[in-house]
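Under the working numbering, think of the first position of the sequence shown as 244, with each following residue one higher. Note sheet for the following structure.
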Amino acid sequence: MTHQGLRSAGWLLGLPGLGLIWVGATLYAAPDIAARIAAAVREAGGLMTEADLSAYRPVIRQPVRGSYRGYEVVSMPPPSSGGVHLIEILNILEGFDLAAMGAGSAAAIHTLAEAMKPAYADRATWLGDPDRVRVPVQGLTAKPYAATLRRAIDPDRARPADSIAAGDPPPPEPDQTTHDSVVDAAGNAVANTCTLNFSYGVGLVAEGTGVLLDNEMDDFSAKAGTQNPYGLVGGDANAVAPGARPLSSMTPTFLFRDGQLTLVTGSPGGSRIITTVLAVIVNLVDFRMNLAEAVAAPRIHHQWKPDVLRVEQGLSPDTLALLRARGHDVRVGANSGSANSILRSGGLLAGAADPRQRDTLAEEY
Numbered sequence: 244m245t246h247q248g249l250r251s252a253g254w255l256l257g258l259p260g261l262g263l264i265w266v267g268a269t270l271y272a273a274p275d276i277a278a279r280i281a282a283a284v285r286e287a288g289g290l291m292t293e294a295d296l297s298a299y300r301p302v303i304r305q306p307v308r309g310s311y312r313g314y315e316v317v318s319m320p321p322p323s324s325g326g327v328h329l330i331e332i333l334n335i336l337e338g339f340d341l342a343a344m345g346a347g348s349a350a351a352i353h354t355l356a357e358a359m360k361p362a363y364a365d366r367a368t369w370l371g372d373p374d375r376v377r378v379p380v381q382g383l384t385a386k387p388y389a390a391t392l393r394r395a396i397d398p399d400r401a402r403p404a405d406s407i408a409a410g411d412p413p414p415p416e417p418d419q420t421t422h423d424s425v426v427d428a429a430g431n432a433v434a435n436t437c438t439l440n441f442s443y444g445v446g447l448v449a450e451g452t453g454v455l456l457d458n459e460m461d462d463f464s465a466k467a468g469t470q471n472p473y474g475l476v477g478g479d480a481n482a483v484a485p486g487a488r489p490l491s492s493m494t495p496t497f498l499f500r501d502g503q504l505t506l507v508t509g510s511p512g513g514s515r516i517i518t519t520v521l522a523v524i525v526n527l528v529d530f531r532m533n534l535a536e537a538v539a540a541p542r543i544h545h546q547w548k549p550d551v552l553r554v555e556q557g558l559s560p561d562t563l564a565l566l567r568a569r570g571h572d573v574r575v576g577a578n579s580g581s582a583n584s585i586l587r588s589g590g591l592l593a594g595a596a597d598p599r600q601r602d603t604l605a606e607e608y
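Put into structure tokens, the structure is as follows:
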């Protein structure tokens with residue numbers, strides 16, 4: 244039976260045009276899929292050829308690594324900015340006693356926001372595709388560099404964004420989004436973040452392919468010093484160029500303690516991904532929250548420019564007043580991210596689905 248064109252449960256839907264075939268160990272799509280995708284882009288006014296698709300190759304890169312209060316942090320390298328600036332911010336925070344300040348206190352939030360600002364200033368200047376620009380990963384993630392940035396933080400007063408410039412890290416030595424966190428019984432783990440950029444990407448499916456096209460071109464800097472739709476300022480290191488890969492904020496992350504996997508996390512959220520993952524780590528390590536609390540606790544975000552401290556609902560009016568008294572332009576608004584995470588402790592696994600987003604799930608299999 245059908246109702247207004249809808250088939251009943253159990254009806255088999257056949258879409259042979261979207262079929263995939265195995266030849267030995269290789270998976271092939273329809274032979275004209277590249278032509279269809281390129282044609283769909285051109286018909287929509289874009290620029291793409293079959294050669295662009297055939298020339299694209301995935302690149303396997305070494306993750307960026309850091310440490311935070313006895314934990315090893317392993318995260319995504321450039322051309323994502325996520326891992327580099329997550330570790331940069333954690334390095335700055337390591338010099339503060341956040342636990343003594345208290346979770347959700349004005350002092351802790353002020354410190355977190357002031358640590359975020361210089362990292363996002365560095366992002367605007369230094370980060371881009373490492374295949375075409377030299378990204379000073381080791382310098383940006385170095386403890387001495389963080390100590391220099393830490394000394395500029397005033398515990399009682401917010402620094403205006405215009406007074407903060409990108410730092411000068413040591414030079415490198417002669418590298419609508421979804422996230423899944425997975426751990427199996429053998430301890431193998433996956434932190435996978437996949438981005439379309441905007442909701443439904445560019446809103447275009449190449450006919451007969453089932454391929455939804457993203458709009459990651461927006462993640463390039465169209466002009467140095469200008470803001471993209473997320474308010475992020477870009478620089479020449481992230482300029483549009485043939486074959487270049489755009490900068491992103493994806494931050495799929497592992498946390499290790501004494502060589503053993505402790506945490507798998509990550510999030511969607513555009514420019515707020517980095518600070519969402521930061522919040523989960525700080526809540527677990529500094530504020531001793533359990534995983535569900537660490538994921539659900541109200542989050543804050545500051546990305547240098549615009550010079551605004553964005554906070555979620557849930558902070559007390561007194562805390563907001565204290566932050567404004569320190570000079571922060573506080574805006575209470577939309578939720579930040581969806582940090583679906585897994586914690587491994589004592590041989591047991593605990594999963595937390597972020598309550599901010601519908602249809603998130605923590606499931607044992």
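Just so it is clear, CB atoms sit at the ideal spot from N, CA and C, and this is done for glycine as well.
**OP:** May I ask you to report which of helix, strand or coil DSSP gives L270?
**Re:** Note that L270 has pLDDT 48, beneath the 50 cutoff, so the model's placement of it is unreliable and the number below is only indicative. Strand at L270.
Subject >> Limits of the unbroken beta strand (DSSP E) element including T496 >> reply: Where T496 is concerned, the enclosing beta strand (DSSP E) stretches over T496 to R500.
Original post:
What are the start and end residues of each continuous alpha helix (DSSP H) run of 4 or more residues lying completely inside the stretch 559 to 601, in chain order?
Top reply: 560 to 568
Subject >> Beta-bridge pairing of D423 - partner residues as DSSP gives them >> reply: For D423, the beta-bridge partners assigned by DSSP are N435.
Subject >> Where the alpha helix (DSSP H) containing A429 begins and where it ends >> reply: Where A429 is concerned, there is no enclosing alpha helix (DSSP H), given that its DSSP letter is neither H nor E.
Original post:
Buried or exposed: where does T368 fall if 16 or more other Cβ atoms within 10 Å of its Cβ makes it buried?
Top reply: buried
**OP:** Could you tell me whether the stretch 467 to 483 touches the stretch 290 to 301, using the rule of 3 or more Cβ pairs below 8 Å?
**Re:** no
Original post:
Between the stretch 543 to 563 and the stretch 369 to 387, do at least 3 Cβ pairs fall closer than 8 Å?
Top reply: Segment contact: the stretch 543 to 563 against the stretch 369 to 387, fewer than three CB-CB distances shorter than 8 Å; contact not assigned.
Original post:
Candidates M344, S348, A287 and Y314: which alpha carbon is nearest L333's?
Top reply: L333 has its Cα closest to that of Y314, out of M344, S348, A287 and Y314.
Original post:
Taking the continuous beta strand (DSSP E) assigned at A540, which residues delimit it?
Top reply: Element bounds for A540: n/a, residue is neither H nor E.
Original post:
So which of G338, D275, L558 and T452 has the shortest CA-CA distance to I396?
Top reply: Answer by Cα proximity: G338.
Subject >> Close Cβ partners of P417 (< 8 Å) along its chain, the five nearest in sequence each way excluded >> reply: Low per-residue confidence applies at P417: pLDDT is 34, beneath 50, and the placement is therefore not dependable enough to give any value.
Original post:
Where does A408 sit, in a helix, a strand or coil, going by DSSP?
Top reply: coil
**OP:** Return the CA-CA distance between M226 and A564, expressed in angstroms with no decimal places.
**Re:** The structure shown does not extend to residue 226, since the chain is modelled only from 244 to 608, so the question has no answer here.
Original post:
Would you say S584 and T519 are within 8 Å of each other, going by their C-beta atoms?
Top reply: no
**OP:** Using only the heavy atoms of the ligand ADP, determine whether one of them is closer than 7 Å to the beta carbon of A522.
**Re:** The ligand ADP is not part of the structure shown, which contains no ligands of any sort.
**OP:** For the alpha helix (DSSP H) holding Q381, just list the boundary residues, first then last.
**Re:** V380 to L383
Original post:
Any idea what DSSP makes of R375, helix, strand or coil?
Top reply: coil
Original post:
In this structure, does DSSP put T354 in helix, strand or coil?
Top reply: helix
**OP:** Please classify T469: is it buried, with 16 or more other beta-carbons within 10 angstroms of its beta-carbon, or exposed?
**Re:** exposed
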